[in-house]
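Input: a single structure, listed below in structure tokens.
Protein chains: 2
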Amino acid sequence: MRIGDDLSDRKKAILRALIDAHIENGEPVGSKYLTSCDIGCSSATIRNEMSELEQMGYLEQPHTSAGRVPSKAGYRFYVDSLMRAYSLTARELETLNNMQKARLSQLDKMIKAAGKLITSMTNYPTVSVKPKFKDQTVNCFKTTFVDSRNFILSMIMSGDVVRSRYIHCKIEVTEEVLNRLCGVLNNNIAHKTSSEITLPLIMKMENDMGVDDALISSVIKNVYDVMSSDDEGELKYEGVDKLLEYPEFSDLGNLKDLLSFMDKKEQIMQLVENDKNDNVSIYIGGEDSSLSANSSIILKTFKVDGKVVGAIGVIGPQRMEYPKVVAMVEYLAKCISSTLEIPDVKELRPPDSDT
Amino acid sequence: MRIGDDLSDRKKAILRALIDAHIENGEPVGSKYLTSCDIGCSSATIRNEMSELEQMGYLEQPHTSAGRVPSKAGYRFYVDSLMRAYSLTARELETLNNMQKARLSQLDKMIKAAGKLITSMTNYPTVSVKPKFKDQTVNCFKTTFVDSRNFILSMIMSGDVVRSRYIHCKIEVTEEVLNRLCGVLNNNIAHKTSSEITLPLIMKMENDMGVDDALISSVIKNVYDVMSSDDEGELKYEGVDKLLEYPEFSDLGNLKDLLSFMDKKEQIMQLVENDKNDNVSIYIGGEDSSLSANSSIILKTFKVDGKVVGAIGVIGPQRMEYPKVVAMVEYLAKCISSTLEIPDVKELRPPDSDT
DNA sequence: TTTAGCACTCGGATAGCCTAAGTGCTAAAA
DNA sequence: TTTTAGCACTTAGGCTATCCGAGTGCTAAA
């Protein structure tokens, strides 16, 4: 049985109205207020229903004579089945469409731009992510002769991402030597993950290179560097200061919890990498482990060939304006995704840089 | 006359002791406490001196019957001439030396590692920066043939940083065509800044390429992209949550000020880029415009060929443990700089990535 | 010139009181 | 059987009054 299936329509209406109201003003909601919400019954009835909803775990009472507040389960049910889709206003759409300007540029810039935009439009902080690529392989090596002491090693990774290194040699090299080097690399370690590059393999390559075996070690170091560039991906926040505008974070404890969580970049990266959802995901703090209670994250990942290559998201108090935020994130994500799908001149960028 | 020259030795001693004490516990310091600080006179005398120091602008009084607190000018004089050098303990040195492990890796990783380290050792947030490169030029173009529809364009920038793009062509290309393309690019736009690449120049290049003129436009787009990659540099914070451990930031107004400042990345980038100081710089909030009052920044930049290529810094309350933080930043900066100076295989990374 | 003593000031903590909001329960009404 | 009205009860938060301590400035003596 799905969560919330045990609720009567009236209970659902009450729950929805209550959560909407709580999101609006952040304070516990009482039965009296709810009578003005088209439920169609008196405060006493609503009290009874609320009391039951509390027993069922959808509501909580901060203290005896306060109104009710949604519990994690309440929020969960709300975002899963209760909330009404928010339809963007013409004005909002226009703003969002300016985003298209960034279309010309690369994924990470678009993600960044999207983050800024959402922050300014929703007043919640955003997070933009480009996750680390694990177990990358080099599909093809290319060398380019510069002069007798220098050459460029270009590595074509999966997804036609190119990573290059400018390599300065201690010995003199010729184009012929470089071509041999290139062949050796392609024959031995193309399509291999870093853990498959073993010492015997390296020895074999040095052997293959003959007198120029000294090249291998300095090249291998660079290859390894590029492959295992676990470069944490990029994770950026925009508008963290907005958090302070929400009363739940004037409690320094709560604030610290959330900031600490945000500081643990690996955790968020994991969240992103494990997000198999094709739609917008909503994480509610305290529901599952890591995320700090009192806060929620709305996240949309971008995938290329089924692999997560980035994400944008919104971090805010648990009483976020889910419908609106979801609508915006969805819209921008669609814009970004569409540019990902039709690469003419390929422009995917690796998560980090080269030399 | 330099700031602080008008102070007697006793005044200096009092000022130093007062600031040390204030940094320690964050509360206004009274005359009575200072008698225990080896000043060698009674609280009454100290009171008189403090009164004068206040008139001179080095101290402030939050209210009539509180102790004194250093003013901006007080802090400025303190960090400039008063504070005692902090000598790192053996234990601290050991921890810092672990840093050397990162030596193998690249600048940005070292910077990041240094940030983490300082945060954990000082309990202040750190900021790590790689500024944007402005007005980059491509010193040399290289093309690498992949197949009849694809090639790699490698651009060697100043500092032997290589940036590559995997380019997919709409027309078929041969190695010969690519070589011509390469020549055209090198003849016309090597060593030029993006603003020097004018439309007539592009027309000329298209002309030079003859029948393959279609290549130019798609290549130019990539070149422009790389050159003007104003990619904001990377600016990352570590341990922002630590701020909350300092009482000055339990005032939400102060906290918001600082967080807003931290959010305005351009401002900090400017600070970094304009930092001509070869030593550690100390910025005291409220002293000069941008930085939020109540906070200070300690910053050390890294330069290559006189150009700022990165920085690490510490952000904290104005009553920071300057001597200790300065010592640590200085030490780590030295470690990082030393690896910057002896590049064997060149490994400088561009501020961002390639395709 | 320094010190001791003393009256004065003011912020912060504590306690007590009151109010408003909201609840649960019971009994009447539909 | 379900809904409503009424009422007693609970409790957080705001308000005021009060007290205490820390620290000052001033004056007079050393």
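Chains D and L, in that order, give the protein sequences. Under this note's numbering, the first residue of the first sequence carries the number 1, and numbering increases by one thereafter. Under this note's numbering, the first residue of the second sequence carries the number 1001, and numbering increases by one thereafter. Ideal Cβ positions, reconstructed from N, Cα and C, are used throughout, including at glycine.
Between the beta-carbon of E273 of chain D and that of P131 of chain D there is about 5 Å, and that keeps the pair under the 8 Å contact cut. Contact between the segment 220–229 of chain D and the segment 192–201 of chain D is present, with at least three C-beta pairs closer than 8 Å.
Taking 8 Å as the threshold, the shortest C-beta distance from V1240 of chain L to chain D falls below it.
Distances from the CA of E24 of chain D to each of D:L88, D:P247 and D:Y237 were compared; the closest alpha carbon is that of D:P247.
The Cβ-Cβ distance between Y86 of chain D and P323 of chain D falls below 8 Å.
Your pair V1308 of chain L and V1325 of chain L does not check out as a contact, with CB atoms roughly 20 Å apart and the cut at 8 Å. Around the beta carbon of L1259 of chain L, a 10 Å sphere encloses 16 or more other beta carbons of the protein chains shown; the residue is thus reported as buried. Excluding residues up to 5 positions away in sequence, L1291, S1292, A1293, N1294, S1295, S1296 and Q1318 lie with their Cβ nearer than 7 Å to the Cβ of G1285 of chain L in the same chain. Pairing Y33 of chain D with K12 of chain D, the inter-Cα distance amounts to about 16 Å.
P323 of chain D sits in a helix when the DSSP states are folded into three classes. The segment 1231–1269 of chain L contains, as complete beta strand (DSSP E) runs of 3+ residues, the segments 1234–1238 (chain order). Comparing alpha carbon positions, the residue from D:M56, D:A21, D:I14 and D:E60 closest to A44 of chain D is D:I14. Straight across, the Cα-Cα distance linking S1120 of chain L with L299 of chain D is about 30 Å.
By the C-beta criterion, the segment 1166–1177 of chain L is judged to be in contact with the segment 1143–1154 of chain L, since at least 3 inter-stretch pairs fall below 8 Å. The residue from D:M262, D:V127, D:Y124 and D:A66 with its alpha-carbon nearest to that of G1239 of chain L is D:M262. V162 of chain D has a beta carbon lying within less than 8 Å of a beta carbon in chain L. In this structure, the CA atom of E1094 of chain L is about 12 Å from the CA atom of Y1331 of chain L. Among the bridge pairs identified by DSSP, I39 of chain D is matched with none.
Secondary-structure assignment with DSSP links E60 of chain D through a beta bridge to D:V69.
Distance between N1048 of chain L and L1244 of chain L, taken at the CA atoms: about 35 Å. Look at C140 of chain D here: in three-state DSSP terms it is strand.
Among the residues facing chain D, L1271 of chain L is not included, as its CB has no counterpart in that chain under 8 Å away. Taking 8 Å as the threshold, the shortest C-beta distance from S36 of chain D to chain L does not fall below it. Nearest CB-CB separation between K1256 of chain L and chain D: below the 8 Å threshold. Interface annotation, I156 of chain D: in contact with chain L, CB-CB separation under 8 Å. According to the DSSP assignment, K1192 of chain L belongs to no beta strand (DSSP E), since it is labelled neither H nor E. With its beta carbon at least 8 Å from every one in chain D, S1217 of chain L lies outside the interface. Of all residues in the segment 1132–1152 of chain L, the ones placed with a Cβ closer than 7 Å to any Cβ belonging to chain D are K1142, T1144 and I1152, in chain order. Using beta-carbon distances, D263 of chain D counts as an interface residue toward chain L, with a partner under 8 Å.
Between R16 of chain D and Y58 of chain D a beta carbon distance of about 11 Å is seen, past the 8 Å cut, so the two are scored as non-contacting. Under a 10 Å Cβ-count criterion, K1112 of chain L is classified as buried, with 16 or more other Cβ atoms of the shown protein chains found around its own Cβ.
Chain D places a beta carbon closer than 8 Å to that of S1250 of chain L, counting this residue as a contact.
For Y166 of chain D, at least one C-beta of chain L is nearer than 8 Å to its own C-beta. The bridge partners DSSP lists for T1301 of chain L are L:A1311. Residue pairing by DSSP places N150 of chain D opposite D:D147 and D:H168 in a beta bridge.
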